[in-house]
């Protein structure tokens, strides 16, 4: 069991490392095609990473160790996040159950590392991005935890693997109003956490509207490579989680070579679908004003809260 | 004589020695000698607390200390736990004070007050009856008031802060006195054992409960009784702020635990709701104020209110779930309360001592004028960073363990059959989540603005690292934050023993009994993360060999980075989006004055921005009450205008009234 769990844990991280840049490539390509451009191809993020890792990093005088360590912390926390997301199998290490609160905490470590990198160089844009990023992160937190709560009620546990297993055993629960409300709330939170439209524009070139991009302005070379990879891994893991909760089929409950191979194929398919869908929706959306974001997040919180109360009504 | 008796005697003796040292030793050596004795008082508190926690035996009766009743000290395991935490904070702060205290803080008065403060605080949780409890409580209040007043000659705001503190702390004392009186009258004795015989369902019990909880909440700094915290902490010397915030306010939490689980257990369900509501409001309001504040010590004071709120939330949840017979999550909530108490003690000590070192080095409390301290004060920087990690409840810190335990108890405590409890739990989860999110922003701001980027003032630019003793004290607190966070098992076991619940620790990990998936093993998680990140390290090293890092003299800033550090974000601007989102609750008052050149009104010469944050609770609740008090006072003065005729008239009327009453 333990060896199998180790395979699943490491495999999830490895597969998401391989797939996340491709997912970003697919999303950019879908967007490019819908806008009538040729696009750079789905492999472009991988090529970017290779290029950045080969370049020399520049650091300004007076910056602290955060500018060097921050990107590494971000990528390490993202790898932990990937390893703990049951996208391939539900087996978990005995001492490291993929408890949702631990998963969220891993996410927050990355959030903080990124915000500190933004502050470190002492430029106006970095501070601006960092401030906005943390404001959004603070407001997303209640939605995330309350939707986690809603998902955990039918199972009686906040361990992700058990939630996914319960969904595999009783597929009808996926379409219950409780689950749908919670997933909708979670989806909005994920869009905010991964800095996608309409919260943040990942392809903006206008500094004043940037959130994520403003924080990484001062990083270059391998620092930037890790920051990019870390952010892509977050996107891959969170979209993978959403896809797994919506459609848990393919996730291996027993660790076998065939089962894992099927799981990898299913994950690739699910990520491609959900990524294309997200990219398509993004074409029709504009970024909302920063001060309208709280309204959106308050809406998502209400959905999550409704999910919890609805689960009581259904239960009693 | 058992260890507990010996320890309590030692505390009193050492405190007396510390006081004597403060009085007798010449000023040159005073810091070292008196500080060492004060640290020994704290250390003896740790030992006594540990002894009381492991085997509960030993009591001390000082029958001559007070007329009529005497003083009875008999620490329970819970009292021992709190004494241990308070002693550890006191010892670390005293060591810090040896290097830190200067000017009025190194005076005889100040060094006399510190050990008196420490010993009375450590003996509060040992008290076995209400009289001893109140005696220690009042000693603690008096000594801390003296310490808050330390710098009254140099700074005017210290006097008003001390006045607020003295008034609020005596409000607390008064409420407790009334509450204990009700219980003593009903239970027929001042001993806690006699009081616990009172029927908790009776009206008297409820009256006493409300009075006592209000009194303890005042000391703990829960909203709306928190107004003294943001005043007293910036006014007091930093080592005193550390002890007050990390240890003294916990006596309020200890008092609430005492009332809820020893004196009046199994009270009506609404008690739990009251405590949960008190906690939820304090947590949200405290962290919201902290997130928009730019004064570092004020920010830490508000964060204390937040953490106290979380402790009350955990305590109220435990009461609520006990009254519904949901035992496993109730036990987890109780353990969470004690874990929160310990974690707050550890990280707040590190943060306040760090803030003290920064104040010592730069002369600044205002975050807007700091920056770039990481390079200038490397050890302080590490200690503050680790403390901030704990305050933001991020993994690896004990703050995360505590918050995780609280969340586990909340999500497993759901009981759909009682609609009120059913609604309370998700609201509590949301409150914990919102406070966690805002705490994240607050401490990213505090750490990032103060220690990263470029210095914003000449004070910050010329900062020097603290003395070795101060560094050691800060590091001890910071190591506690990380150490207890990595290996929380033994701490959880101690907390379980203090709370009297089945052991919630297994080896190094937390393993909440009766809760599915309630296992948290930070070491295992860290090892997994390190193994996963190893390839990243290998790739980085390989890349670093091929291409070395190059230093450039200026950040890019989209081509516009000026040399002036004024271009950077400040703490005020960092929190501006949040202040705008929570406009209604925070109510910032802003003044923007734009001066144009006289030649052209299209060109701006200078822009002046001023922001003031008035607290809603203060403007809406305290100021009207104070104004009404003033009016009553002014009216009362008309009775007494100095005219002898009027006084003779009063005597005559009084005489007639007495005669009439007697005649009837």
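Protein chains in written order, with our numbering: chain A, 1 to 316; chain R, 1 to 664.
For every residue, glycine included, the Cβ atom is placed at its ideal position computed from N, Cα and C.
Interface partners of residue i on chain R, CB under 8 Å
i	result
residue 125(A)	557, 558
residue 179(A)	By Cβ distance, chain R contributes nothing, its closest Cβ being about 16 Å from residue 179(A), past 8 Å.
residue 132(A)	577
residue 146(A)	426, 429, 430, 433
Neighbouring residues, chain A, relative to residue i (Cβ below 9 Å)
i	result
residue 586(R)	None at all; the shortest Cβ gap to chain A is about 13 Å.
residue 133(R)	Neighbours of residue 133(R) on chain A: none; closest Cβ ~37 Å, over 9 Å.
residue 611(R)	Per Cβ cutoff of 9 Å: no residues; residue 611(R) is ~15 Å from chain A at best.
residue 630(R)	Within 9 Å Cβ-Cβ: nothing; residue 630(R) doesn't reach chain A, min ~40 Å.
Which listed residue (the options) has its alpha carbon closest to that of residue i
i	options	result
residue 350(R)	465(R), 96(R), 81(R), 11(R)	96(R)
residue 138(A)	265(A), 266(A), 111(A)	111(A)
residue 677(R)	60(R), 22(R), 36(R)	The structure shown does not extend to residue 677(R), since chain R spans only 1 to 664, so no value can be given for it.
residue 287(R)	299(R), 404(R), 590(R), 276(R)	299(R)
residue 244(A)	65(A), 5(A), 82(A)	82(A)
residue 604(R)	611(R), 596(R), 610(R)	596(R)
residue 100(A)	598(R), 404(R), 522(R), 527(R)	404(R)
residue 127(R)	310(R), 255(R), 16(R)	255(R)
residue 66(A)	534(R), 637(R), 444(R)	444(R)
residue 37(R)	81(R), 75(R), 70(R), 113(R)	113(R)
residue 301(A)	247(A), 42(A), 148(A), 85(A)	148(A)
residue 467(R)	358(R), 545(R), 121(R)	358(R)
residue 681(R)	550(R), 369(R), 429(R)	This structure cannot settle anything about residue 681(R), because the visible part of chain R is limited to 1 through 664.
residue 289(R)	304(R), 278(R), 275(R)	304(R)
residue 337(R)	391(R), 182(R), 314(R), 346(R)	314(R)
residue 191(A)	223(A), 56(A), 232(A), 114(A)	232(A)
residue 542(R)	31(A), 21(A), 53(A), 47(A)	53(A)
Environment of residue i [buried if 16+ CB atoms lie within 10 Å]
i	result
residue 316(A)	For residue 316(A), the pLDDT reaches just 46, beneath the cut-off of 50, and the residue's location in the model is therefore unreliable, leaving the point undetermined.
residue 640(R)	exposed
residue 652(R)	exposed
residue 662(R)	exposed
residue 265(R)	exposed
residue 307(A)	buried
residue 1(A)	Summary for residue 1(A): the model assigns pLDDT 49, below 50, so the residue's position carries little reliability; its value from the coordinates is reported in the next sentence. By the neighbour-count rule (16 or more Cβ atoms within 10 Å), residue 1(A) is not buried but exposed.
residue 164(R)	buried
residue 670(R)	Residue numbering for chain R in the displayed model covers 1 to 664; residue 670(R) lies beyond these limits and cannot be assessed.
residue 153(A)	buried
residue 254(A)	exposed
residue 535(R)	exposed
residue 226(R)	buried
residue 286(A)	exposed
residue 602(R)	exposed
residue 163(A)	buried
Cross-chain neighbours of residue i in chain A, by beta carbon under 8 Å
i	result
residue 540(R)	72, 222, 226
residue 553(R)	60, 61
residue 400(R)	105
Within chain A, partners of residue i - CB distance below 7 Å
i	result
residue 574(R)	127, 131
residue 665(R)	Outside the shown range of chain R (1 to 664) lies residue 665(R), about which nothing can therefore be said.
Partner residues on chain R for residue i, Cβ-Cβ distance less than 7 Å
i	result
residue 120(A)	452, 453
Could you tell me which uninterrupted alpha helix (DSSP H) segments, each at least 4 residues in length, are contained entirely in the region 30-73 of chain A, listed from first to last along the chain? 44-53
The region 481-515 of chain R: positions lying closer than 9 Å to chain A by Cβ: 509, 515
3-residue-minimum beta strand (DSSP E) runs that sit fully inside the region 455-517 of chain R, ordered along the chain: 509-511
Against chain R, which members of the region 34-50 of chain A pass a CB distance test of less than 8 Å? none
Which of the residues in the region 270-298 of chain R, read from start to end, lie with their CB under 9 Å from any CB of chain A? 291
Where the region 322-336 of chain R meets chain A: residues whose CB sits under 9 Å from a CB there: none
Only counting runs of 3 or more residues, tell me where the beta strand (DSSP E) segments fall wholly within the region 51-123 of chain R, in order along the chain. 60-62, 71-73
Using a Cβ-Cβ cutoff of 9 Å, what residues of the region 368-387 of chain R are near chain A? List them in chain order. 371, 372, 374, 375, 381
Could you pull out every unbroken alpha helix (DSSP H) segment of at least 4 residues lying fully inside the region 271-305 of chain R, listed in chain order? none
Going along the chain, which residues of the region 152-166 of chain A sit with their C-beta nearer than 8 Å to a C-beta in chain R? 152, 153, 156, 157, 158, 159, 162
Of the residues that make up the region 280-292 of chain A, which ones have a beta carbon closer than 7 Å to any beta carbon in chain R? 290, 291
Secondary structure, beta strand (DSSP E): runs of 3+ residues fully inside the region 115-194 of chain A: none
Chain A contacts from the region 436-450 of chain R (Cβ-Cβ distance under 8 Å): 436, 437, 438, 440, 441, 444, 445, 447, 448, 449
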